[in-house]
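Written out below as structure tokens is the structure these notes cover.
2 protein chains.
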Amino acid sequence: MAETGKLVQDETEAAGISLGALTSTAGLMLRIAQLTSFDNFFALYPDGAIRISEFTVLMAVSENPGIRQGVLADILKVKWSNMTMLVRTLEDQGLIARHVPRSDRRAVVLTVTEEGKRQIAASRDMIDRLDREALSMLTDDEHAQLIALTRKIAGWPEKGGL
Amino acid sequence: MAETGKLVQDETEAAGISLGALTSTAGLMLRIAQLTSFDNFFALYPDGAIRISEFTVLMAVSENPGIRQGVLADILKVKWSNMTMLVRTLEDQGLIARHVPRSDRRAVVLTVTEEGKRQIAASRDMIDRLDREALSMLTDDEHAQLIALTRKIAGWPEKGGL
DNA sequence: TATTGTTATACTCTATAACTATA
DNA sequence: TATAGTTATAGAGTATAACAATA
Chain A
5 MAETGKLVQD ETEAAGISLG ALTSTAGLML RIAQLTSFDN FFALYPDGAI
55 RISEFTVLMA VSENPGIRQG VLADILKVKW SNMTMLVRTL EDQGLIARHV
105 PRSDRRAVVL TVTEEGKRQI AASRDMIDRL DREALSMLTD DEHAQLIALT
155 RKIAGWPEKG GL
Chain B
5 MAETGKLVQD ETEAAGISLG ALTSTAGLML RIAQLTSFDN FFALYPDGAI
55 RISEFTVLMA VSENPGIRQG VLADILKVKW SNMTMLVRTL EDQGLIARHV
105 PRSDRRAVVL TVTEEGKRQI AASRDMIDRL DREALSMLTD DEHAQLIALT
155 RKIAGWPEKG GL
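Protein chains in written order, with the numbering used here: chain A, 5 to 166; chain B, 5 to 166.
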């Protein structure tokens, strides 16, 4: 567990702090929960490992070989201009390959390289484990509930895609 | 036109995109859900109204009169240096008052001014309503579930403070 | 020496507009 | 004219370190 979360709890407990109606503002609570989750996650995450944003793109390309860059950007709520840089970083690392299709020479389609596949294999178990550990205050049932709820918010049905 | 909300949905549906195991990474889903919630919220939020970060501080001070700045920063996961600026903005707006207590002249304790109380009264209903509307894809039960789960993640028990 | 808060600054993410090349 | 992607840059949010005042 992360130091930060514990510290906050101790201090707030000692001070007898209340946030009142704020804890019923779901958007704010989502934000605080997400920050807590990320704090805990990155406290465990080794330096030098692939960045989460990069891993997310890598996984998304892996799940959708030949996806166009713009489509990917839209799904992950990243601006096209920023996705350009993200993808270039991954290309520089040799993890994904860019290809201009003949059917539309404006487009760029993406695939994962062999090295990228190795990176996924090496990182995925760790990320899953750290992700679960970062939310270890939840029971398995609650964890599943959270995923179901956040999927619904994101507009993604049950298993897989949309 | 290049990037619109509607376009995103159409494209992903048309492309039959899948994010696979990524949708079981709770931390990532929390992040996407939070971004979605904020996008929806701010699409409805009127220009010129108090900023959410400022309103959050205002509410927190209102719930905890005399709270010290550093404690507040820790609870809301804001750095002290940044809280200094946030609080100054609110002071400049005449919404909160800063006071150095005799018991510890290093500290700064905060209270909400009369004007601040008026601001809260004027903003709170709207924020609650927009917050609920931003998550209108959830049922009331699911909304309550989400709040319970995020409270638990944040380390805050049932109702109110800790 | 440690703590509270401030200042200044750097860094990361995200956003916007102008540009190209294709369609 | 519209679209896919790029470039350059601006902006917000966040992080870090040095500092002053007080404990």
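Glycine residues also receive a C-beta, built at the ideal position from the N, C-alpha and C atoms.
Counterpart residues of VAL113/A in DSSP-defined beta bridges: ARG72/A, HIS103/A
Span separating the alpha-carbon of ARG136/B from that of THR29/A: 8 Å
LYS156/B - DSSP class collapsed to helix/strand/coil: helix
Under 8 Å, Cβ to Cβ, is there at least one residue of chain A near LEU32/B? yes
Kindly list the residues whose CB is nearer than 8 Å to the CB of SER66/A, restricted to its own chain and excluding five residues on each side of it in sequence; keep chain order. VAL116, GLY120, LYS121, ILE124
At a CB-CB cut-off below 7 Å, which residues of chain A make contact with ASP135/B? THR29, ALA30, GLY31
DSSP on MET169/B, reduced to helix/strand/coil? This structure does not reach residue 169/B, given that chain B is present from 5 up to 166, and the question cannot be answered.
With a Cβ-Cβ cutoff of 8 Å, do ILE79/B and VAL91/B count as a contact? no
Length of the line joining the Cα atoms of ARG35/A and ILE54/A: 24 Å
When burial is assigned at 16 or more other CB atoms within 10 Å of the CB, is GLY52/B buried or exposed? exposed
DSSP-derived helix/strand/coil call for LEU39/B: helix
7 Å Cβ shell around MET63/B - same chain, five flanking residues per side excluded: ILE124
Determine the extent of the alpha helix (DSSP H) in which THR93/B is found, giving its start and end residues. 84 to 96
Alpha carbon to alpha carbon, how far is VAL113/B from PRO69/A? 56 Å
Buried or exposed: THR143/A, going by 16 or more other Cβ atoms within 10 Å of its Cβ? exposed
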